[in-house]
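*Asks:* Numbering (our numbering), first residue to last: 4 to 482. Think of the CB as a built atom: it goes at the ideal place given N, C-alpha and C, for glycine as much as any other residue.
(1) Drop a sphere of 10 angstroms on the beta-carbon of residue 190, count the other beta-carbons inside from all chains shown, and report buried for 16 or more, exposed for fewer.
(2) Please check if any C-beta of chain B sits within less than 8 angstroms of the C-beta of residue 437.
(3) Hey, residue 420 and residue 393 are a contact pair by Cβ (cut 8 angstroms); roughly how many whole angstroms apart?
(4) Can you list, in chain order, the residues of its chain with a C-beta nearer than 6 angstroms to that of residue 134? Leave out the 5 residues immediately preceding and following it.
(5) Tell me whether the beta-carbon of residue 429 lies closer than 8 angstroms to the beta-carbon of residue 231.
(6) If we ignore side chains and look at the alpha-carbon of each, how far apart do residue 39 and residue 89 end up?
(7) Leaving out five residues before and five after residue 396 in sequence, what residues of the same chain have Cβ atoms less than 7 angstroms from its Cβ?
(8) Assuming residue 281 and residue 28 are in contact, meaning their beta carbons sit under 8 angstroms apart, how far apart are those beta carbons, in whole angstroms?
(9) In the segment 117-181, which residue ranges form an unbroken beta strand (DSSP E) of at least 3 residues, counting only runs that do not cross its ends?
(10) Taking the alpha-carbon positions, what's the residue 424 to residue 57 distance?
(11) Reducing DSSP to helix, strand and coil, say where residue 345 ends up.
(12) What residue does the alpha helix (DSSP H) around residue 214 start on, and which one ends it?
(13) DSSP on residue 389, reduced to helix/strand/coil?
(14) Check whether the segment 241-255 and the segment 281-291 touch, using three or more Cβ-Cβ pairs below 8 angstroms as the test.
(15) Check for me: the alpha helix (DSSP H) holding residue 103 runs from which residue to which?
(16) Go ahead and pull the three-state DSSP assignment for residue 85.
(17) Taking its Cβ as the centre, do 16 or more other Cβ atoms sit within 10 Å of residue 152, making it buried, or is it exposed?
(18) Give a yes or no on whether the C-beta atoms belonging to residue 193 and residue 158 are separated by under 8 angstroms.
(19) Just the Cα atoms here: how many angstroms apart are residue 69 and residue 204?
(20) So, helix, strand or coil for residue 259, using DSSP?
(21) Is the number of C-beta pairs between the segment 334-353 and the segment 89-109 that are closer than 8 angstroms three or more?
(22) Tell me the DSSP secondary structure of residue 221 in three-state form.
(23) Are residue 131 and residue 361 close, meaning C-beta to C-beta below 8 angstroms?
(24) Under 8 angstroms Cβ to Cβ from residue 87, same chain only, skipping five residues before and after it: list those, please.
(25) Below 8 angstroms between beta carbons: does that hold for residue 171 and residue 369?
(26) With a 10 Å radius around its C-beta and 16 neighbouring C-beta atoms as the bar for buried, classify residue 355 as buried or exposed.
(27) Rounded to whole angstroms, what is the Cα-Cα separation between residue 19 and residue 72?
(28) Identify every residue that forms a DSSP beta bridge with residue 55.
(29) Take residue 268 and list the residues in its own chain whose beta-carbon comes closer than 8 angstroms to its own, dropping the five residues that flank it on each side.
(30) Please name the residue in 381, 417, 431, 376 whose C-alpha comes closest to that of residue 168.
(31) Have a look at residue 140 and residue 435 and give me their C-alpha separation to the nearest angstrom.
(32) Based on Cα-Cα distance, which residue from 43, 15, 166, 100 lies nearest to residue 144?
(33) What are the boundary residues of the beta strand (DSSP E) that residue 6 is part of?
(34) What is the rounded straight-line gap between the Cα of residue 1 and the Cα of residue 9?
(35) Kindly list the residues whose CB is nearer than 6 angstroms to the CB of residue 471, restricted to its own chain and excluding five residues on each side of it in sequence; keep chain order.
So this is what it looks like as structure tokens:
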């Protein structure tokens with residue numbers, strides 16, 4: 004499995020060192036250049052001022068550094084076997100796309116919904132138009148032999164407390180938007196939530212819908228390690244990352260975006276990022292060595308955890324689609340709890356609004372057919388609410404006007420959370436994993452039994468064989 008960090012430093016030499024450390028980690032990696040907040044919001048004058056005055060930035064200002072400077076950062080590091088992706092968070096990304104193309108990069112991420120509603124107050128209609136122009140800019144490089152890649156961030160809306168069906172629907176809809184505007188290589192994201200069985204079902208559904216709705220597009224699924232309140236203890240953070248890696252392998256995701264043991268406290272060092280990459284890779288390798296389930300026949304059937312020539316699959320982002328994946332809930336013995344029915348209903352309702360996916364998205368949010376829980380953006384209806392079951396499953400408390408009422412009901416809806424309940428739900432994963440780390444004996448027997456029985460999904464308490472208690476290298480803070 005491919006593992007990837009979040010990493011961005013304003014100083015070009017340190018950015019280059021970070022990319023080299025990522026490339027040289029004991030894992031199959033791709034590089035990341037994460038941009039600073041000024042660049043994300045288009046305040047390039049503030050970015051120039053910060054560089055001139057030596058003020059720290061929380062990422063790499065790709066639109067402010069001269070193109071030759073960034074080319075020097077990438078020279079001898081980024082190549083066909085070590086792709087580098089630009090990550091940003093911008094609702095209006097045209098200046099970013101122009102800058103990354105100018106330095107020879109052609110892989111980035113985001114989306115007209117996922118980088119608008121959670122991160123800005125930009126009107127959705129304006130974000131859709133800006134993302135259309137940005138997609139067309141990226142797609143234009145195909146005339147010169149490039150194969151640009153765009154990853155949807157739709158599977159990570161708000162990071163947490165967003166039920167899987169909505170994450171899947173937005174991720175697929177953004178990928179369809181990308182295709183409509185000329186992209187032929189995409190990835191679809193999903194963020195780890197609080198219940199691994201629900202996540203396995205969600206990832207399987209996402210892969211199935213992508214294969215069905217994007218048959219003419221090279222695509223793969225990317226999983227994000229938990230995007231919410233992270234465990235405060237190093238042990239808890241490591242356990243959560245290891246579970247994310249095992250989940251990715253079981254559900255056939257090709258790539259994992261990692262988090263570090265420092266997430267709850269500060270921006271991680273490069274060394275901590277490298278350790279996270281190696282920890283995730285070791286956990287994934289351990290999961291992949293277990294007996295694989297029989298694949299369901301189909302275009303995305305399992306090749307097997309030990310398929311040959313994995314490194315050959317790293318030559319470009321658009322080749323990730325060749326990684327092993329499962330097709331069908333039967334392959335994982337995952338119960339159908341209604342996630343697929345809800346996701347299909349949401350996608351279908353949006354696509355019926357307009358043949359143009361961008362206009363359909365704007366109309367869908369205006370009508371409340373898509374409604375992100377706890378999102379305060381003015382274009383979001385704000386009527387949807389969720390709750391967290393005791394086992395970590397995300398449930399709808401209210402679906403507002405979304406066309407999914409009754410599709411997955413198995414009893415009365417949980418009550419809408421008050422402020423105390425919301426705070427408790429937001430910290431559920433943090434508490435759970437910190438408690439596990441503090442009391443290894445509580446999970447060690449079941450983990451050992453599961454390992455001997457080949458049962459997937461049970462947490463381990465031991466450090467993977469390639470994980471070291473201290474970073475292999477320290478190159479300083481990432482900002």
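*Replies:* The short version:
(1) buried
(2) No chain B is part of this structure, which consists of one protein chain only.
(3) Not a contact, Cβ separation roughly 14 angstroms.
(4) 115
(5) yes
(6) 11 angstroms
(7) 198, 201
(8) 6 angstroms
(9) 152-155
(10) 43 angstroms
(11) helix
(12) 199-216
(13) strand
(14) yes
(15) 97-105
(16) strand
(17) buried
(18) yes
(19) 45 angstroms
(20) strand
(21) no
(22) strand
(23) yes
(24) 22, 33, 34, 35, 36, 77, 80, 81, 108, 110
(25) no
(26) exposed
(27) 11 angstroms
(28) DSSP output for residue 55 lists no bridge partner at all.
(29) 235
(30) 376
(31) 44 angstroms
(32) 100
(33) 5-7
(34) Since the first residue of the chain shown is 4 and the last is 482, residue 1 is not available in this structure.
(35) Reliability fails at residue 471, whose pLDDT of 32 lies under 50, so the model's placement of it is uncertain and the value that follows must be treated cautiously. Excluding positions up to five away in sequence, the list is empty.
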